[in-house]
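See structure below.
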Amino acid sequence: MTVPWAPEAPPQTQPITQNDDVVRSRQQVRTFAQQCGLSLVEQTKFITAASELARNTLVYGGGGEMRAGLVERHGRRGVAAVFADSGPGIPDTDLALTDGWTSGGGLGLGLSGARRLVDEFFLDTEVDRGTTVTIVKWAR
Amino acid sequence: MTERVPVLRIGDILLVSIQVDLEDQTVLDLQEDLADQIVARSARGVVIDITAVEIVDSFVGRMLATIASISRLLDAETVVVGMRPAVAITLVELGLSLGGVRTALDLEKGLALLRRSATGAELT
Ligand SMILES: Nc1ncnc2c1ncn2[C@@H]1O[C@H](COP(=O)(O)OP(=O)(O)OP(=O)(O)O)[C@@H](O)[C@H]1O
Ligand SMILES: [Mg+2]
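Line by line, the protein sequences give chains A and B.
Heads up: the first sequence is residues -7 to 132, going by the numbering used here.
Heads up: the second sequence is residues 14 to 137, going by the numbering used here.
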């Protein structure tokens, strides 16, 4: 998917290679979520989704990066974040998106929950190549 | 060198007030510290104040549930206080209803709840 980044503000890249990068990803996403005028509840949902995906990038993807910024489509503003890794990929995406399914010791709510918390969710993954998850939320 | 969340003691109650955006290791350390201190200080209750917490994701949510279970096994009760409305809405949509975790709207109500269940336990 091509992310419609807002022309006046280039997206920022945040490496995700250690634990505190998950905290940094949350903080960076919060700034953009506030800038584009999301309500407090919508901001909270988006930051929570980003937190889940950043952790997955670190834990399962073996590290990677997040690109986040403002987006614009047909005059509407929003926030987007793209989490990319070159890890093992996800063999069965339907299974991975099932509530409660985890290959590790998690609750299996990260991917499925994140999808519910945002307006747009794209999962692009290939075994042995890596995983990219894109999330978007639009201001009302 | 991750920082640790301070655990305060008021009588037989342990009080934890989360003030910063915690990284995962700090969350795990807190879980361990609380288990240790419940026993070391013979605590009857644990209050976790999340008034300042803007985000509770599945990791922190699981920690809250785990601390509640651990403290129950160690004969103490946990109450989570001060959850923001936006956090509650998000948790439910995420799929985490935290069924086993007792909550109260603020610190005062949380402490009252622990006091009540302490006297209740003596009567039975
Ligand atoms: N970036 C990724 N690379 C490879 N596998 C992944 C990636 N993200 C998720 N997965 C796989 O999808 C599964 C489901 O992910 P999800 O985030 O829903 O649950 P979890 O991380 O296991 O638990 P939780 O997030 O609830 O703590 C993971 O257990 C893992 O097998
Ligand atoms: Mg996860």
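Just so it is clear, CB atoms sit at the ideal spot from N, CA and C, and this is done for glycine as well.
8 Å Cβ cutoff, residue i in contact with chain A
i	result
T137 (chain B)	The predicted model places T137 (chain B) with a pLDDT of 44, which falls under 50 and marks its position as unreliable; any figure quoted below should be read in that light. Not closer than 8 Å to any Cβ of chain A, the Cβ of T137 (chain B) fails to qualify, so no.
T103 (chain B)	yes
G108 (chain B)	yes
S71 (chain B)	yes
D46 (chain B)	no
R75 (chain B)	yes
Q32 (chain B)	no
I68 (chain B)	yes
V100 (chain B)	yes
Q38 (chain B)	yes
Whether residue i touches residue j by CB criterion (8 Å)
i	j	result
G95 (chain B)	T64 (chain B)	yes
V125 (chain A)	A72 (chain A)	no
G61 (chain A)	F24 (chain A)	yes
D62 (chain B)	I23 (chain B)	no
L126 (chain B)	V100 (chain B)	no
N11 (chain A)	D37 (chain B)	yes
L27 (chain B)	R54 (chain B)	yes
F38 (chain A)	V63 (chain A)	no
Q27 (chain A)	Q35 (chain A)	no
G79 (chain A)	G122 (chain A)	yes
I8 (chain B)	R18 (chain A)	The requested residue 8 (chain B) is not part of the displayed model; chain B covers only 14 to 137.
D77 (chain A)	G54 (chain A)	yes
L87 (chain B)	A48 (chain B)	yes
T5 (chain A)	E57 (chain A)	yes
V193 (chain A)	D46 (chain B)	Residue 193 (chain A) lies beyond the range of chain A shown here (-7 to 132); nothing can be said about it.
G96 (chain A)	V51 (chain A)	yes
I102 (chain B)	V33 (chain A)	yes
I51 (chain B)	V40 (chain B)	no
R59 (chain A)	P3 (chain A)	yes
L115 (chain A)	T85 (chain A)	yes
Beta-bridge partners of residue i, as assigned by DSSP
i	result
L104 (chain B)	In the DSSP output, where bridge partners are listed per residue, L104 (chain B) has none listed.
W130 (chain A)	A:G70
V94 (chain B)	B:D62 and B:A117
G122 (chain A)	A:E118
E44 (chain A)	DSSP, once it has assigned bridges, lists no residue as partnering E44 (chain A).
E57 (chain A)	A:P7 and A:A76
I31 (chain B)	Bridge partners of I31 (chain B): none, in fact.
F113 (chain A)	A:I127
I26 (chain B)	B:I23 and B:G58
L99 (chain A)	Answer is none; L99 (chain A) lacks a bridge partner.
Below-8 Å beta-carbon distance, residue i vs any chain B residue
i	result
Q6 (chain A)	no
L19 (chain A)	The sequence given here places Gln at residue 19 (chain A); Leu does not occur at that position. Chain B, which has a Cβ nearer than 8 Å to the Cβ of Q19 (chain A), makes this yes.
D111 (chain A)	no
L30 (chain A)	no
I39 (chain A)	yes
R77 (chain A)	It should be pointed out that residue 77 (chain A) corresponds to Asp in this sequence rather than to Arg. For D77 (chain A), the answer is no, since every Cβ of chain B falls outside 8 Å of its Cβ.
T9 (chain A)	no
E57 (chain A)	no
D12 (chain A)	yes
D86 (chain A)	no
V15 (chain A)	yes
T139 (chain A)	Nothing about residue 139 (chain A) can be reported from this structure: the residues present for chain A run from -7 to 132 only.
R68 (chain A)	no
CB-CB length for residue i against residue j, believed under 8 Å
i	j	result
A46 (chain A)	I8 (chain A)	5 Å
G100 (chain A)	W93 (chain A)	4 Å
L43 (chain B)	G74 (chain B)	Rounded, the Cβ-Cβ distance is 14 Å, inconsistent with contact.
D70 (chain B)	S43 (chain A)	4 Å
A117 (chain B)	A89 (chain B)	Going by Cβ atoms, the distance from A117 (chain B) to A89 (chain B) rounds to 16 Å, so no, they are not a contact pair.
S112 (chain B)	S82 (chain B)	Going by the sequence as given, residue 112 (chain B) is Gly instead of Ser. Not confirmed; about 11 Å, so no contact.
Practice task
Starting from the N-terminal end, write out each residue whose C-beta falls within a distance shorter than 6 Å of any non-hydrogen atom of ligand 2.
Solution key: A:E44, A:R47, A:N48, A:G98 and A:G102
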